[in-house]
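Notes for the one structure printed next.
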Amino acid sequence: MSVLVASDLDRTLIYSAAALGLDMPDAEAPRLLCVETYEGRPLSYMTETAAGLLAELVRTSVFVPTTTRTVEQYRRIRLPGPASRFAICANGGQLLVNGEPDADWNQRVRTALGDACAPLEEVRAHLSATADPAWLLKERVAEELFAYLVVERELLPQEYVKELTQWAEPRGWTVSLQGRKIYAVPKPLTKSAAVAEIRNRTGADEVLAAGDSLLDTDLLLAADRAWRPGHGELADVGWTAPQVTAVEETGVAAGEAIVRALGERSSVTWARARSQVIRAVSRGRD
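In terms of this note's numbering, the sequence shown has 71 at position 67, counting the first letter as 1, and numbering is strictly consecutive.
Below is the structure:
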(Lines of atoms letter the chains of each structure in order from A and count residues from 1; the text may use other names and numbers.)
(Lines give C-alpha, C1' and ligand atoms only; values in the text may rest on other atoms or scores of the structure.)
Protein backbone atom coordinates (compact mmCIF):
# COMPACT_ATOMS: atom_id res chain seq x y z
CA MET A 1 0.00 0.00 0.00
CA SER A 2 1.63 3.24 -1.13
CA VAL A 3 0.98 6.73 0.21
CA LEU A 4 1.15 9.89 -1.89
CA VAL A 5 1.90 13.04 0.13
CA ALA A 6 1.20 16.31 -1.70
CA SER A 7 2.17 19.40 0.27
CA ASP A 8 2.17 23.08 -0.48
CA LEU A 9 5.53 24.70 0.28
CA ASP A 10 5.50 28.43 1.14
CA ARG A 11 3.95 29.12 4.55
CA THR A 12 3.04 25.43 4.87
CA LEU A 13 6.38 23.59 4.97
CA ILE A 14 8.91 26.37 4.32
CA TYR A 15 8.99 29.95 5.62
CA SER A 16 10.62 33.24 4.77
CA ALA A 17 12.21 35.21 7.59
CA ALA A 18 9.14 37.45 7.73
CA ALA A 19 6.80 34.46 8.07
CA LEU A 20 8.71 32.46 10.71
CA GLY A 21 6.55 33.69 13.57
CA LEU A 22 9.25 33.30 16.21
CA ASP A 23 7.44 34.96 19.10
CA MET A 24 9.35 33.18 21.84
CA PRO A 25 12.51 34.46 23.60
CA ASP A 26 15.55 34.23 21.34
CA ALA A 27 17.19 31.64 23.59
CA GLU A 28 14.17 29.36 23.09
CA ALA A 29 13.86 29.73 19.32
CA PRO A 30 14.26 26.49 17.31
CA ARG A 31 17.34 25.85 15.22
CA LEU A 32 16.61 26.57 11.56
CA LEU A 33 17.79 25.03 8.32
CA CYS A 34 17.95 27.23 5.20
CA VAL A 35 16.33 25.40 2.26
CA GLU A 36 16.37 28.20 -0.33
CA THR A 37 18.75 30.93 -1.41
CA TYR A 38 18.07 33.73 -3.87
CA GLU A 39 20.78 35.93 -5.36
CA GLY A 40 23.23 34.53 -2.84
CA ARG A 41 21.07 35.26 0.20
CA PRO A 42 19.13 32.85 2.45
CA LEU A 43 15.40 33.07 1.76
CA SER A 44 13.38 30.15 3.16
CA TYR A 45 13.70 27.95 6.22
CA MET A 46 12.42 24.93 8.13
CA THR A 47 13.18 23.94 11.68
CA GLU A 48 15.93 21.34 11.86
CA THR A 49 13.44 18.96 13.45
CA ALA A 50 11.01 19.43 10.54
CA ALA A 51 13.85 18.84 8.09
CA GLY A 52 14.68 15.51 9.71
CA LEU A 53 11.04 14.45 9.71
CA LEU A 54 10.64 15.44 6.07
CA ALA A 55 13.74 13.52 5.01
CA GLU A 56 12.21 10.37 6.49
CA LEU A 57 8.81 11.08 4.92
CA VAL A 58 10.41 11.45 1.48
CA ARG A 59 12.02 8.02 1.88
CA THR A 60 8.82 6.25 2.92
CA SER A 61 6.18 7.81 0.65
CA VAL A 62 5.61 9.30 -2.78
CA PHE A 63 6.31 12.86 -1.64
CA VAL A 64 5.16 15.54 -4.10
CA PRO A 65 6.09 19.20 -3.50
CA THR A 66 3.00 21.08 -4.68
CA THR A 67 3.35 24.80 -5.25
CA THR A 68 2.09 27.87 -7.07
CA ARG A 69 5.71 28.78 -7.78
CA THR A 70 7.06 28.67 -11.30
CA VAL A 71 9.47 25.91 -12.23
CA GLU A 72 12.39 28.36 -12.00
CA GLN A 73 11.35 29.50 -8.53
CA TYR A 74 10.82 25.93 -7.35
CA ARG A 75 14.28 24.86 -8.48
CA ARG A 76 15.86 27.27 -5.96
CA ILE A 77 14.55 25.09 -3.13
CA ARG A 78 16.65 22.28 -1.68
CA LEU A 79 14.45 20.13 0.52
CA PRO A 80 16.06 17.52 2.79
CA GLY A 81 16.08 13.88 1.78
CA PRO A 82 16.20 12.25 -1.67
CA ALA A 83 14.92 14.28 -4.64
CA SER A 84 11.23 13.74 -5.29
CA ARG A 85 10.34 11.90 -8.49
CA PHE A 86 7.34 14.19 -9.01
CA ALA A 87 6.69 17.86 -8.28
CA ILE A 88 3.79 20.16 -9.12
CA CYS A 89 4.45 23.80 -10.04
CA ALA A 90 2.39 26.74 -11.33
CA ASN A 91 -0.61 25.62 -9.28
CA GLY A 92 -0.90 22.43 -11.31
CA GLY A 93 0.09 23.85 -14.68
CA GLN A 94 3.49 22.16 -14.65
CA LEU A 95 4.08 18.55 -13.67
CA LEU A 96 7.76 17.74 -13.17
CA VAL A 97 8.97 14.18 -13.61
CA ASN A 98 12.52 13.63 -12.39
CA GLY A 99 12.97 17.39 -12.43
CA GLU A 100 11.76 18.03 -15.97
CA PRO A 101 8.38 19.40 -17.15
CA ASP A 102 5.97 16.89 -18.65
CA ALA A 103 5.10 18.54 -21.98
CA ASP A 104 1.99 16.44 -22.56
CA TRP A 105 0.50 17.43 -19.19
CA ASN A 106 1.23 21.12 -19.77
CA GLN A 107 -0.48 21.01 -23.16
CA ARG A 108 -3.53 19.30 -21.69
CA VAL A 109 -3.78 22.03 -19.07
CA ARG A 110 -3.51 24.85 -21.61
CA THR A 111 -6.20 23.28 -23.78
CA ALA A 112 -8.54 23.00 -20.79
CA LEU A 113 -7.96 26.64 -19.82
CA GLY A 114 -8.65 27.89 -23.32
CA ASP A 115 -12.06 26.25 -23.23
CA ALA A 116 -13.17 27.29 -19.76
CA CYS A 117 -12.23 30.85 -18.79
CA ALA A 118 -11.33 34.35 -19.91
CA PRO A 119 -7.89 34.69 -21.49
CA LEU A 120 -4.83 35.66 -19.49
CA GLU A 121 -4.39 38.85 -21.54
CA GLU A 122 -7.76 40.18 -20.34
CA VAL A 123 -6.87 39.55 -16.71
CA ARG A 124 -3.42 41.09 -17.07
CA ALA A 125 -4.93 44.21 -18.61
CA HIS A 126 -7.40 44.53 -15.73
CA LEU A 127 -4.67 44.12 -13.11
CA SER A 128 -2.53 46.77 -14.80
CA ALA A 129 -5.46 49.17 -15.03
CA THR A 130 -6.58 48.80 -11.41
CA ALA A 131 -3.31 48.41 -9.48
CA ASP A 132 -2.18 51.65 -7.84
CA PRO A 133 1.55 52.51 -8.08
CA ALA A 134 1.27 53.73 -4.50
CA TRP A 135 1.17 50.12 -3.28
CA LEU A 136 2.18 48.05 -6.33
CA LEU A 137 5.75 46.74 -6.33
CA LYS A 138 5.74 44.30 -9.27
CA GLU A 139 3.46 42.72 -11.87
CA ARG A 140 4.28 39.17 -12.89
CA VAL A 141 3.03 36.40 -15.17
CA ALA A 142 3.80 32.78 -14.24
CA GLU A 143 4.44 30.23 -16.99
CA GLU A 144 1.99 32.15 -19.24
CA LEU A 145 -0.76 30.55 -17.15
CA PHE A 146 -1.70 33.06 -14.44
CA ALA A 147 -0.77 36.49 -13.10
CA TYR A 148 0.08 37.99 -9.75
CA LEU A 149 0.93 41.31 -8.13
CA VAL A 150 3.58 41.92 -5.50
CA VAL A 151 2.27 44.66 -3.23
CA GLU A 152 3.13 46.76 -0.21
CA ARG A 153 0.69 44.99 2.09
CA GLU A 154 0.38 47.82 4.61
CA LEU A 155 -0.74 50.24 1.88
CA LEU A 156 -3.08 47.86 0.04
CA PRO A 157 -6.71 49.06 0.32
CA GLN A 158 -8.87 46.48 2.10
CA GLU A 159 -11.51 46.55 -0.63
CA TYR A 160 -9.13 45.88 -3.55
CA VAL A 161 -8.99 42.08 -3.23
CA LYS A 162 -12.75 41.87 -2.72
CA GLU A 163 -13.43 43.98 -5.81
CA LEU A 164 -10.93 42.01 -7.88
CA THR A 165 -12.54 38.76 -6.75
CA GLN A 166 -15.99 40.00 -7.82
CA TRP A 167 -14.61 40.97 -11.23
CA ALA A 168 -12.73 37.68 -11.72
CA GLU A 169 -15.44 35.28 -10.56
CA PRO A 170 -17.75 35.44 -13.62
CA ARG A 171 -14.71 35.19 -15.89
CA GLY A 172 -13.70 31.85 -14.42
CA TRP A 173 -10.75 33.08 -12.34
CA THR A 174 -9.90 32.82 -8.63
CA VAL A 175 -8.18 35.51 -6.54
CA SER A 176 -5.96 34.74 -3.56
CA LEU A 177 -3.99 37.05 -1.25
CA GLN A 178 -0.88 35.38 0.19
CA GLY A 179 1.56 37.52 2.08
CA ARG A 180 2.63 40.29 -0.31
CA LYS A 181 1.23 38.57 -3.42
CA ILE A 182 -2.21 38.81 -5.00
CA TYR A 183 -2.77 35.86 -7.34
CA ALA A 184 -5.27 35.70 -10.19
CA VAL A 185 -5.55 32.06 -11.27
CA PRO A 186 -7.90 30.31 -13.72
CA LYS A 187 -10.36 28.09 -11.83
CA PRO A 188 -9.53 24.96 -13.88
CA LEU A 189 -5.85 25.36 -12.97
CA THR A 190 -5.73 23.25 -9.82
CA LYS A 191 -3.22 21.35 -7.76
CA SER A 192 -5.71 18.53 -7.23
CA ALA A 193 -5.90 17.72 -10.95
CA ALA A 194 -2.13 17.26 -11.12
CA VAL A 195 -2.18 15.15 -7.94
CA ALA A 196 -4.87 12.93 -9.48
CA GLU A 197 -2.61 12.43 -12.50
CA ILE A 198 0.29 11.37 -10.27
CA ARG A 199 -1.99 9.08 -8.28
CA ASN A 200 -2.99 7.37 -11.53
CA ARG A 201 0.64 6.98 -12.57
CA THR A 202 1.83 5.60 -9.23
CA GLY A 203 -1.21 3.63 -8.16
CA ALA A 204 -1.11 5.24 -4.71
CA ASP A 205 -3.74 3.90 -2.32
CA GLU A 206 -3.97 6.95 -0.08
CA VAL A 207 -3.40 10.67 -0.62
CA LEU A 208 -2.34 13.00 2.20
CA ALA A 209 -2.14 16.76 1.66
CA ALA A 210 -1.31 20.05 3.36
CA GLY A 211 -1.79 23.72 2.46
CA ASP A 212 -2.61 27.13 3.88
CA SER A 213 -4.31 29.20 1.17
CA LEU A 214 -7.47 29.49 -0.89
CA LEU A 215 -5.56 27.97 -3.80
CA ASP A 216 -5.02 24.84 -1.68
CA THR A 217 -8.69 24.10 -0.91
CA ASP A 218 -9.20 21.80 -3.88
CA LEU A 219 -6.03 19.90 -2.92
CA LEU A 220 -7.16 19.44 0.68
CA LEU A 221 -10.67 18.40 -0.31
CA ALA A 222 -9.39 15.82 -2.81
CA ALA A 223 -7.12 14.14 -0.24
CA ASP A 224 -8.06 11.24 2.03
CA ARG A 225 -6.55 13.14 4.96
CA ALA A 226 -5.27 16.72 5.04
CA TRP A 227 -3.81 19.37 7.34
CA ARG A 228 -3.65 23.16 7.39
CA PRO A 229 -1.64 25.52 9.64
CA GLY A 230 -3.05 27.86 12.25
CA HIS A 231 -2.24 30.85 10.03
CA GLY A 232 -2.97 31.86 6.44
CA GLU A 233 -6.01 32.53 4.28
CA LEU A 234 -7.87 29.40 5.33
CA ALA A 235 -7.22 29.95 9.03
CA ASP A 236 -8.31 33.58 8.76
CA VAL A 237 -11.80 32.52 7.64
CA GLY A 238 -11.93 29.38 9.81
CA TRP A 239 -12.16 27.09 6.78
CA THR A 240 -12.20 23.36 7.38
CA ALA A 241 -13.66 20.10 6.07
CA PRO A 242 -14.31 16.65 7.57
CA GLN A 243 -10.97 15.20 6.43
CA VAL A 244 -8.97 18.36 7.25
CA THR A 245 -7.13 18.86 10.55
CA ALA A 246 -6.23 22.41 11.58
CA VAL A 247 -3.04 22.39 13.63
CA GLU A 248 -2.86 24.91 16.45
CA GLU A 249 0.68 26.08 15.70
CA THR A 250 1.48 29.06 13.49
CA GLY A 251 4.59 30.11 11.58
CA VAL A 252 7.50 27.73 11.17
CA ALA A 253 6.26 25.71 14.16
CA ALA A 254 3.17 24.85 12.12
CA GLY A 255 5.39 23.50 9.37
CA GLU A 256 7.02 21.17 11.87
CA ALA A 257 3.65 20.05 13.25
CA ILE A 258 2.32 19.35 9.76
CA VAL A 259 5.26 17.30 8.55
CA ARG A 260 5.14 15.31 11.80
CA ALA A 261 1.43 14.59 11.27
CA LEU A 262 2.02 13.59 7.64
CA GLY A 263 4.83 11.26 8.69
CA GLU A 264 2.81 9.65 11.47
CA ARG A 265 -0.14 9.00 9.17
CA SER A 266 2.12 7.66 6.43
CA SER A 267 3.80 5.30 8.93
CA VAL A 268 0.44 3.99 10.14
CA THR A 269 -0.65 3.28 6.58
CA TRP A 270 2.65 1.59 5.77
CA ALA A 271 2.49 -0.56 8.90
CA ARG A 272 -1.08 -1.60 8.07
CA ALA A 273 -0.05 -2.56 4.54
CA ARG A 274 2.92 -4.56 5.84
CA SER A 275 0.64 -6.41 8.24
CA GLN A 276 -1.74 -7.27 5.41
CA VAL A 277 1.12 -8.63 3.32
CA ILE A 278 2.37 -10.76 6.19
CA ARG A 279 -1.12 -12.18 6.78
CA ALA A 280 -1.53 -12.91 3.08
CA VAL A 281 1.80 -14.72 2.97
CA SER A 282 0.88 -16.71 6.09
CA ARG A 283 -2.45 -17.77 4.59
CA GLY A 284 -0.63 -18.91 1.46
CA ARG A 285 1.57 -21.18 3.55
CA ASP A 286 -1.34 -22.78 5.40
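Note that beta-carbon positions come from the ideal geometry of N, C-alpha and C, so glycine has one too.
Enclosing alpha helix (DSSP H) for residue i [first to last residue]
i    : result
A59  : 52-64
S132 : 124-134
W109 : 107-120
T206 : 195-206
V165 : 162-172
T221 : 221-226
Alpha-carbon spacing of residue i relative to residue j, whole angstroms
i    : j    : result
A22  : R144 : 21 Å
L238 : K166 : 16 Å
E32  : G242 : 29 Å
M5   : L58  : 20 Å
C38  : G44  : 12 Å
T178 : E148 : 16 Å
L124 : Y152 : 11 Å
T41  : R82  : 9 Å
A172 : L218 : 15 Å
S48  : H235 : 17 Å
R89  : L159 : 41 Å
S20  : E104 : 26 Å
Residues near residue i in its chain [Cβ-Cβ closer than 7 Å; skip 5 each side]
i    : result
Q247 : A227, D228, R229, A230
G118 : none
L141 : V154, V155, E156
C-beta contact flag for residue i and residue j at 8 Å
i    : j    : result
D209 : D12  : no
L99  : A198 : yes
T51  : I262 : no
T194 : N95  : yes
V9   : S65  : yes
P46  : V62  : no
K191 : C121 : yes
R232 : G215 : yes
Residues near residue i by beta carbon distance below 6 Å, same chain, minus five either side
i    : result
G255 : L24, G25
P84  : A55, L58, A59
V7   : S65, E210, S270, T273
Y187 : Y152, S180
A146 : T74, A94
S196 : D222, L223, A226
Coil, strand or helix - residue i by DSSP
i    : result
S88  : coil
S20  : strand
S48  : strand
E104 : strand
Where the beta strand (DSSP E) containing residue i begins and where it ends
i    : result
Y99  : It is Leu, not Tyr, that sits at residue 99 in the sequence shown. Unbroken beta strand (DSSP E) run through L99: 98-101.
K2   : Absent from the structure is residue 2, since the part of the chain shown begins at 5 and ends at 290.
Q182 : 177-182
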